[in-house]
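Data first, discussion second: the structure below is written as structure tokens.
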Amino acid sequence: MMMKKSVSTILAVTFSVLPATVAAQAVEDDETIVTVIVGDDNAAVDVQDEFVKNAPKRKSDNGLPRFAIVGKDNKFYLGIGAQFLGEGLVDFGGEMPSPYNFVPSAITPATPGNGSSLRFTALTSSFYINAVALPGTKDKVGLFFKAQINDGNDYGFNVSHFYVTYRGFQIGYTSSLFADGAAMPFTIDAQGPNGSANMSVFTAGYIHEFSSSITGAIGIDAPTADITAGDGTSTVNQRIPAVPLYLQYGWDGGASHIRLSGLVRPMQYRDVVAGKNRTPVGWGVQLSGLAKVLPALTLYYDATYGHGVADYLQDNTGMGLDALPDADRDGRCRLMKSMGLTAGMSIGLTDRLVFNGAYSHVTNWAPSGAVTDDSRYRYGDYVAANLIYTVNKIVGVGVEYDYGHRKSFGGEGLHVNRVQAQLSVTF
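Each residue of the sequence shown is one higher than the one before, starting from 24 at the first, in the working numbering.
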């Protein structure tokens, strides 16, 4: 009964906002979201275009300031933005530790008396800087910085992006080139689809446009490894970077694309028995993209498979699933096989109301002879469906339902449901 009252409270608050905001929509949609407050106000369209190119491509990872400063002779664009994301949410079923990341692998059994919870959070609120110098020239330089106001599940400071771009090069802390952020469907949930590849890491890469439709990229990711050590093995400092690369074909003015990505990932661990380090090489492949099949309908998809790349899939992060101890050979590890699948859609119901839906799945296979405990994460499912209403270029509201399911190698299954409402205010 308490859970039903909590859900009703959130829905009532959300839908009491909607009618008031609908009445305020006598103002017509502007062609551009960015407003120039200092400098050439006729440059707003160009400024927005450059900011969009310079920002992360994931739909739910906002990096477009609403106000901008244009320098002399339009040689510099600067936007300093902030986004407040206030959310109320109800969980029921199992327990989900995070109030903003809905992570099926993190589900724990509900303790007696705790079958549901009501929480409020603004932990995914952020501020960001989007700057472009010498736009429209071959010497264009971009800088992007974004930080969220969280430190785990507490309020604090957490850098999510900090990178520079120049002549096709991108260097800094952001998502790996192996990830295709544009192919991930929009969710209020901060993590998003559990089977999608998305690792934040210090990376350096080169992106080249072969033609108006074909783009390719190659880079290096700072060396990481999430290995479970056992008897006769231990973890060591990583020394060899991973190499992500992709080839992409786009059409419909960039509204649609298909991308084939690859990842080569050497990892190191200590063979205590032999007294030396060993370097197995992980690898991964991904097919991803989005397709605008109708003016109001866009489809999203990605499929990822690999050995020793579990940590690149969102739900596997920090689970020690890149490699497991080998039961047959003392001092050796075996690479975990992992697969992630995501499918989603976005439907524009009106100019201001959008429906988004997503299903995602991740599976981990322990290779023959690998040592794994019964509680270790084997596979999980993720479902999200939301309605997003854009009041104007500053304010938006939305409601979302999330479902998560996890199963361990021992066969234990857990699930959790979440209903959440969000108010966004973006500058």
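We put the beta carbon where it would ideally sit given N, CA and C, even for glycine.
N-terminal and C-terminal residue of the alpha helix (DSSP H) that Asn453 is part of: Given that the chain is displayed from residue 24 to residue 450, the structure contains no residue 453 and the question cannot be resolved.
Length at least 3, wholly inside the stretch 364-427: the beta strand (DSSP E) runs in chain order: 376-388, 400-413
For Asp325, the residue or residues it bridges with in DSSP: Ser311, Thr365
Test item: CB-CB of Gly365 and Tyr324 under 8 Å: A quick correction: the sequence has Thr, not Gly, at residue 365. Yes, the pair counts as a contact, with Cβ atoms nearer than the cut-off.
Coarse secondary structure for Asp96, derived from DSSP in three states: helix
Supposed contact pair Ala91 and Val59 - C-beta distance, whole angstroms, cut 8 Å: 5 Å
Classification of Ala49 by the beta-carbon crowding that lies within 10 angstroms, buried from 16 upward: Any reading at Ala49 is ruled out, since the residue's pLDDT is 31, under 50, leaving its predicted position unreliable.
Sequence-distant residues of the same chain with beta carbon closer than 8 Å to Gln261, five excluded per side: Pro246, Thr247, Ala248, Met290, Gln291
Separation of Met362 from Leu268, as counted between CA atoms: 18 Å
Expected contact under 8 Å - CB spacing of Ser140 and Gln106 to nearest Å: That pair is no contact at about 25 Å.
Under 8 Å between C-beta atoms of Leu336 and Met359: no
Top-ranked residue by Cα proximity to Ala314, from Thr302, Met207, Tyr229: Met207
Member of Asn387, Trp306, Thr258 whose CA lies at the smallest distance from the CA of Gly298: Thr258
Buried or exposed by the 16-neighbour rule on C-beta atoms within 10 Å, applied to Asn137: exposed
Candidates Ile241, Val224, Thr226, Phe225: closest to Glu232 by CA position: Ile241
Length at least 3, wholly inside the stretch 117-146: the beta strand (DSSP E) runs in chain order: 139-144
DSSP three-state assignment for Ala245, whether helix, strand or coil: coil
Close-in-space but distant-in-sequence residues of the same chain around His438 (CB under 8 Å, 5 per side omitted): Gly116, Gly117, Ile130, Tyr426, Gly427, His428, Arg429
Candidates Pro88, Val332, Val224, Lys82: closest to Arg288 by CA position: Val332
Identified DSSP bridge partners for Pro289: Val304
Close beta carbons around Val308, own chain, < 8 Å, minus the five adjacent residues each side: Leu283, Ser284, Gly285, Leu286, Thr327, Tyr328, Gly329
Straight-line Cα distance separating Glu435 from Asp397: 8 Å
C-alpha distance - Gln71 paired with Tyr272, whole-angstrom precision: 24 Å
Integer-rounded CB distance, given that Asn409 should sit under 8 Å from Val422: 6 Å
Cβ pair count under 8 Å reaching 3, the stretch 121-130 against the stretch 208-216: yes
Continuous beta strand (DSSP E) stretch holding Gln443: start and end: 436-449
7 Å Cβ shell around Ala278 - same chain, five flanking residues per side excluded: Lys315
Tyr151 - partner residues in DSSP beta bridges: Gly104, Lys169
Own chain, CB closer than 6 Å to Ser199, minus 5 neighbours either side, in chain order: Met222, Val224, Thr226, Asp244, Pro267
Residues of its chain near Asn379, where Cβ-Cβ distance is below 6 Å and the 5 sequence neighbours each way are ignored: Pro208, Phe209, Ser369, Asn409
Cβ shell of Gly86 (< 8 Å), same chain only, five flanking positions each side left out: Phe74, Asn77, Ala78, Pro79, Gly104, Tyr151, Asn153, Phe167, Lys169, His184
Endpoints, beta strand (DSSP E) assigned at Leu344: Per DSSP, Leu344 belongs to no beta strand (DSSP E) and is neither H nor E.
Neighbourhood of Val57 by C-beta distance below 6 Å, restricted to the same chain and skipping five residues each side: Ala67, Val70, Gln71, Ala91
Nearest-angstrom beta carbon gap, Tyr400 and Ser128 [assumed within contact, 8 Å]: 5 Å
Cβ-based burial, Gly111 [other Cβ within 10 Å; buried from 16]: buried
Distance, Asn440 Cα to His384 Cα: 16 Å
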